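Here's the structure, in structure tokens; my notes come after.
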Amino acid sequence: MATFDLELVSPEKLLLSRPVEMAIIPAAEGEMGVLPGMAPMIVALKGGVIRVQENGAITEKLFVMGGFAEITPTRVTVLADEATPVAQLSRAKAAERVREAEAAYSGTAAATPEERELTMDRLLAAREMEAAAEAA
Amino acid sequence: MANLKELRGRINSVKSTRKITQAMKMVAAAKLRRAQQQAEAARPFAERMARMLASLGQAVAGNPDAPTLLVGTGRDQTHLLIVVSGERGLAGAFNTNVGRYARTRIRELEAQGKTVKVLAVGRKAAAYLKREFASRFVGEISFQGKKQVGFAEAQEIALRVTGMLEAGEFDVCTLIFNHFRNVISQIPTAQQLIPAQLPEVEATAANGAQGDAAAWYEYEPDEATILAQILPKNLAIQIYRAILDSAAGFYGSQMNAMDNATRNAGEMINKLTLKYNRTRQANITSELIEIISGAEAL
Chain L
1 MATFDLELVS PEKLLLSRPV EMAIIPAAEG EMGVLPGMAP MIVALKGGVI
51 RVQENGAITE KLFVMGGFAE ITPTRVTVLA DEATPVAQLS RAKAAERVRE
101 AEAAYSGTAA ATPEERELTM DRLLAAREME AAAEAA
Chain W
137 MANLKELRGR INSVKSTRKI TQAMKMVAAA KLRRAQQQAE AARPFAERMA
187 RMLASLGQAV AGNPDAPTLL VGTGRDQTHL LIVVSGERGL AGAFNTNVGR
237 YARTRIRELE AQGKTVKVLA VGRKAAAYLK REFASRFVGE ISFQGKKQVG
287 FAEAQEIALR VTGMLEAGEF DVCTLIFNHF RNVISQIPTA QQLIPAQLPE
337 VEATAANGAQ GDAAAWYEYE PDEATILAQI LPKNLAIQIY RAILDSAAGF
387 YGSQMNAMDN ATRNAGEMIN KLTLKYNRTR QANITSELIE IISGAEAL
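So the sequences go chain by chain: L and W.
Going by the working numbering, 80 is the number at position 80 of the first sequence; the sequence numbering is gapless.
Take any residue in the second sequence, count from 1 to its spot, add 136: that is its number in the working numbering.
So, in structure tokens, the structure goes:
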């Protein structure tokens, strides 16, 4: 099956760089599956799990905490703010994140709508993280 | 002439100094390797970010509502300088160099009638610049006691800077740090952060393979939203890179300084040992003369 190059980078390191058949990425407006030959796009990501498919099976799952993806017909580059393989997620840490995000959100009652949206995004990302940790 | 006991004491003290500088040099070498690795690891992200930003920049070029982070406030009156230095001393001229560079820069800007604000990252430059420019300080950030500076710290600084920009506290933001060229040379460098300088030339080269693909991206949700999210991140990554660059430079410089100190201590020990032996010999000779002349007198 045809493949494309998937690169996953976080500010601290290059996590993944190899040809894959399909990647499912958590775009801000809904999950999208990327296959080779896709039209060039730049998408924002929300917190969620990136699934990588090779040889007809999902081989790798990585949790990203928001970021961007650049898609071209032959290459996909994901710039993640933070990325962790799902197997390494800790439920306790995720739960703590959720608590922090909840506290931050409830503290923004008087803030601007943009700020509230930002903390809301963070809260949702943290909840995704908890869900992913539980599933693992 | 110094007496023998005193000389012995000095030799011993220089010897233990040499042991310390030698150990520090080795520690610096190990830390340098780690800092370089960390800087290396941050590169792919920054490169891809630059590529994405370049194509985004093209897409919004000429847009009058482009975000201030990209185009600035349109004025050039208040300058914010972020000065990155080391946390500790004993690294040769490392901290002084960046401090002096910043000082020249501040004086130049003030001579042109601009207002200057300083945000110091790292304890040393803060101490150096405070003597003269304390009234320009808007903040100090120190990573003292932290083993490794992560992206989160850089993001915090970026957040603070964007907050200041939104509050209209400055127009132009420049980052000053020691660029790590190699172990023996670190160059104080100024990099303008706001208005952002888009890496256009690089972008066309990187996208060469796909022709003009950059202009044909589709954006989801849309250019403006993505740009509004990516610019603060770009700011953070630039600051992060500068901090890592500076950290690598710091250890390089410290390694060098400690190497020199070790060598100097070695020379000192040789000199002192020679003096010690000479003095000892002189004492023996004078004792012998005393004995012989005493025997002759009999």
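From the three backbone atoms N, C-alpha and C, an ideal C-beta is built for every residue, glycine too.
Predicted model, so just to flag it, every value in this text is computed and none were measured.
Euclidean distance between Cα positions of GLY286/W and LEU205/W: Each residue's CA atom was taken as its position, placing GLY286/W and LEU205/W some 23 Å apart.
Where the alpha helix (DSSP H) through ASP212/W begins and ends: Premise fails: ASP212/W is in no alpha helix (DSSP H) and is neither H nor E.
SER429/W, buried or exposed, once every other Cβ within 10 Å from all chains shown has been counted against 16: SER429/W comes out exposed.
For my contact list, ALA133/L and GLY66/L are in at a C-beta cut-off of 8 Å; report their separation, rounded to the angstrom. About 17 Å separates the beta carbon of ALA133/L from that of GLY66/L, a gap too long to meet the 8 Å contact definition.
I want to see whether chain W comes within less than 9 Å of PRO19/L, judged by CB atoms only; does it? No - not a single Cβ of chain W is within 9 Å of the one on PRO19/L.
Leaving out five residues on either side along the sequence, give the residues of the same chain with a beta carbon under 7 Å from the beta carbon of LEU143/W. Only LEU408, LYS411, TYR412 and THR415 meet the Cβ criterion.
Is there contact here, the region 316-323 of chain W with the region 144-161 of chain W, by at least three beta-carbon pairs under 8 Å? Not touching, per the Cβ criterion.
Does the pairing of the region 3-17 of chain L with the region 67-82 of chain L give three or more beta-carbon distances under 8 Å? By the Cβ rule, the region 3-17 of chain L counts as touching the region 67-82 of chain L, because three or more pairs are nearer than 8 Å.
Nearest by alpha-carbon distance to ASN314/W: which of ALA247/W, MET185/W and LEU380/W is it? Of the candidates ALA247/W, MET185/W and LEU380/W, LEU380/W places its Cα closest to the Cα of ASN314/W.
CA nearest to the CA of GLU100/L, picked from THR112/L, PRO113/L and THR119/L: For the residues THR112/L, PRO113/L and THR119/L, the minimum Cα distance to GLU100/L belongs to THR119/L.
VAL162/W and ILE42/L: beta carbons closer than 9 Å? In the sequence under discussion, the amino acid at residue 162/W is Met, which differs from the Val named in the question. No; because the gap between Cβ atoms is not below 9 Å, this pair is not in contact.
Looking at the C-beta of PHE313/W, does it have a partner C-beta in chain L at a distance below 9 Å? It does not: the Cβ of PHE313/W has no partner Cβ on chain L nearer than 9 Å.
Starting from TYR105/L and walking both ways along the alpha helix (DSSP H), at which residues does that stretch end? First-last of the alpha helix (DSSP H) with TYR105/L: 91-106.
Alpha carbon to alpha carbon, what distance is there between ASN139/W and ILE427/W? If I take the Cα positions, the gap works out to 21 Å.
9 Å Cβ cutoff met for SER221/W and GLY258/W: Taking the C-beta atoms as reference points, GLY258/W is found nearer than 9 Å to SER221/W.
Give the secondary structure of ASN55/L by DSSP, where H, G and I count as helix, E and B as strand, and everything else as coil. Here ASN55/L sits in coil by DSSP.
Partners in chain B for ILE42/L, counting only beta-carbon separations shorter than 8 Å: The displayed structure is made up of protein chains L and W, and chain B is not among them.
Please classify THR3/L: does DSSP put it in a helix, a strand, or coil? In the displayed model, THR3/L falls within coil according to three-state DSSP, outside both helix and strand.
Check LYS411/W in the structure and name its three-state DSSP category. Residue state, collapsed to three classes: helix.
Using a Cβ-Cβ cutoff of less than 6 Å, which residues in the same chain neighbour MET1/L once the five nearest sequence positions on both sides are dropped? Counting only Cβ-Cβ distances below 6 Å, and skipping sequence neighbours, we find GLU21.
For LYS266/W, collect the residues of the same chain with a Cβ closer than 7 Å to its Cβ; drop the 5 residues on either side in sequence, then sort them by chain order. Contacts found: PHE273.
At a Cβ threshold of 9 Å, is LYS155/W touching chain L? Not closer than 9 Å to any Cβ of chain L, the Cβ of LYS155/W fails to qualify, so no.
Could you tell me whether the region 244-264 of chain W touches the region 394-403 of chain W, where touching means 3 or more Cβ pairs closer than 8 Å? Short answer: they don't touch.
What number of angstroms, rounded off, separates the C-alpha of TYR355/W from the C-alpha of GLN53/L? The C-alpha of GLN53/L is placed about 24 Å away from the C-alpha of TYR355/W.
Name, please, each residue of chain W whose Cβ falls closer than 7 Å to the Cβ of SER10/L. Here the neighbours are PHE181.
What did DSSP end up calling PHE269/W once you bin it into helix, strand or coil? PHE269/W: helix per DSSP, three-state reduction.
What are the residues that DSSP puts in a beta bridge with SER321/W? Among the bridge pairs identified by DSSP, SER321/W is matched with ASN318/W.
Assigned secondary structure, TYR387/W (DSSP; H/G/I helix, E/B strand, else coil): Taken through DSSP and simplified to helix, strand or coil, TYR387/W comes out as helix.
Own chain residues within Cβ distance below 7 Å of SER389/W, not counting five before or after: ALA227, GLY228, PHE230 and GLN322, listed in sequence order.
Do LEU6/L and PRO26/L have their CB atoms nearer than 9 Å? Cβ atoms of LEU6/L and PRO26/L: not closer than 9 Å.
Coil, strand or helix - GLY225/W by DSSP: It is coil, neither helix nor strand.
Please tell me whether ILE277/W has its Cβ less than 9 Å away from any Cβ of chain L. Residue-level contact by beta carbon fails for ILE277/W and chain L, as no gap is shorter than 9 Å.
Can you tell me where the alpha helix (DSSP H) with THR298/W in it begins and where it stops? Taken as a continuous stretch (DSSP letters only), the alpha helix (DSSP H) holding THR298/W covers 287-302.
Please report whether the beta-carbon of ARG444/W lies at a distance below 9 Å from any beta-carbon of chain L. The structure shown does not extend to residue 444/W, since chain W is modelled only from 137 to 434, so the question has no answer here.
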